[in-house]
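**Q**
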Amino acid sequence: MKKQTVVITYGTFDLFHIGHLNILKRAKRLGDRLIVGISTDSFNLKKNKKTVIPYHDRAEIIRHLQFVDQVIPESCWEQKRKNIIQHNVDIFVMGHDWEGKFDDLSSLCQVQYLPRTKGISTTKIKTYLKQHKAPKTSSVELASNY
Numbered sequence: 010m011k012k013q014t015v016v017i018t019y020g021t022f023d024l025f026h027i028g029h030l031n032i033l034k035r036a037k038r039l040g041d042r043l044i045v046g047i048s049t050d051s052f053n054l055k056k057n058k059k060t061v062i063p064y065h066d067r068a069e070i071i072r073h074l075q076f077v078d079q080v081i082p083e084s085c086w087e088q089k090r091k092n093i094i095q096h097n098v099d100i101f102v103m104g105h106d107w108e109g110k111f112d113d114l115s116s117l118c119q120v121q122y123l124p125r126t127k128g129i130s131t132t133k134i135k136t137y138l139k140q141h142k143a144p145k146t147s148s149v150e151l152a153s154n155y
């Protein structure tokens, strides 16, 4: 029986958009099994990165994509090496804006940097919302509208 090719990638995946979908689909095409590490809220705070959507909601969204096989929390930079070993990863994937930053992992598995989708990013969405003075609504208020 042939060993499955395991691919892993990481991200925050806040304000999920077509760019997120595209990179995850591209990552899955590289192997048989896709594991997605999602930055926890506490890890994002350490990176001075504020998210709109809480970790558990972001993880739930990614978990329900048909081509994602497993979701794991990412709580620190150093865990990537441990995850690669623990999950028998063959290919580590990140967006091209991280090019060169994870080359040290190439002693454990293949490292690939994939192109991002042009014209879209969470930062662009947040900037657009700020410039267009989106109403300040709490997540509780948003949830009550469903």
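According to our numbering, the sequence shown is numbered sequentially starting from 10. Quick reminder that beta carbons are idealized off the backbone N, C-alpha and C, glycines included.
1) Alpha helix (DSSP H) containing LEU30: first to last residue?
2) So is HIS65 buried or exposed if we call it buried at 16+ other beta carbons inside 10 Å?
3) Which residue from VAL16, ILE47, ASN53 puts its Cα closest to that of ARG35?
4) For LEU114 and GLY20, I'd like the C-alpha separation in whole angstroms.
5) Return the chain-ordered list of same chain residues with a C-beta closer than 8 Å to the C-beta of LEU39, the five sequence neighbours on each side being excluded.
6) So, are the CB atoms of ILE44 and PHE22 less than 8 Å apart?
7) Short of 7 Å in beta carbon distance, which residues of its chain neighbour VAL61, apart from the five on each side in sequence? Order them along the chain.
8) What residue range does the alpha helix (DSSP H) around GLU108 cover?
9) Once the 5 residues before and after ASN154 are set aside, which same chain residues still bring their CB inside 6 Å of it?
10) Quick one, which of HIS96, VAL98, LEU123 has its alpha-carbon nearest GLY109's?
11) Please tell me whether ILE81 and ASN97 are closer than 8 Å, where the distance is taken between their beta carbons.
12) Going along the chain, which residues of its own chain have a beta-carbon closer than 8 Å to the beta-carbon of SER51, five neighbours each way excluded?
13) Could you tell me the alpha carbon to alpha carbon distance between SER116 and HIS141, rounded to whole angstroms?
14) Does the beta-carbon distance from HIS105 to ARG125 come in below 8 Å?
**A** The short version:
1) As a position in the sequence shown, residue 30 is number 21, starting the count at 1. Note, LEU30: alpha helix (DSSP H), 27–38.
2) Stepping through the sequence shown from its first residue, residue 65 is reached at position 56. It counts as exposed.
3) Here residue 35 corresponds to residue number 26 of the sequence shown, with the count starting at 1. Cα-wise, what sits closest to ARG35 is VAL16.
4) Position 105 of the sequence shown holds residue 114. Position 11 of the sequence shown holds residue 20. Going from the Cα of LEU114 to the Cα of GLY20 covers about 17 Å.
5) One-based indexing of the sequence shown puts residue 39 at position 30. Once the five neighbours on either side are set aside, the close Cβ partners of LEU39 are THR14, VAL16, ILE100, VAL102, GLN121.
6) Translated into the one-based positions of the sequence shown, residue 44 becomes position 35. Translated into the one-based positions of the sequence shown, residue 22 becomes position 13. Their beta carbons are not under 8 Å apart, which means ILE44 does not touch PHE22 by this criterion.
7) Reading the sequence shown from its first residue, position 52 is the one you call residue 61. The residues are ASP23, LEU24.
8) Position 99 of the sequence shown, counted from the first residue, corresponds to residue 108. Note, GLU108: premise wrong, no alpha helix (DSSP H); not H, not E.
9) On the sequence shown, residue 154 is found 145 positions in, with the first residue counted as 1. Note on ASN154: pLDDT 48, under 50, position unreliable in the model; the coordinate value appears next. If we look at ASN154 and ignore the five residues flanking it on each side, it has no Cβ neighbours.
10) Residue numbering aside, residue 109 sits at position 100 when the sequence shown is read from its first letter. It is LEU123.
11) The residue given as residue 81 occupies position 72 in the sequence shown. The residue given as residue 97 occupies position 88 in the sequence shown. The answer is no: Cβ separation not under 8 Å.
12) Working through the sequence shown from its first residue, we reach residue 51 at position 42. Cβ neighbours of SER51 beyond the five flanking positions: SER84.
13) Taking the sequence shown and counting its residues from 1, the one referred to as residue 116 is at position 107. Taking the sequence shown and counting its residues from 1, the one referred to as residue 141 is at position 132. Near 46 Å, if we compare the C-alpha coordinates of HIS141 and SER116.
14) As a first step, residue 105 is located in the sequence shown; it is residue number 96 there, counting from the start. As a first step, residue 125 is located in the sequence shown; it is residue number 116 there, counting from the start. Yes; because the gap between Cβ atoms is below 8 Å, this pair is in contact.
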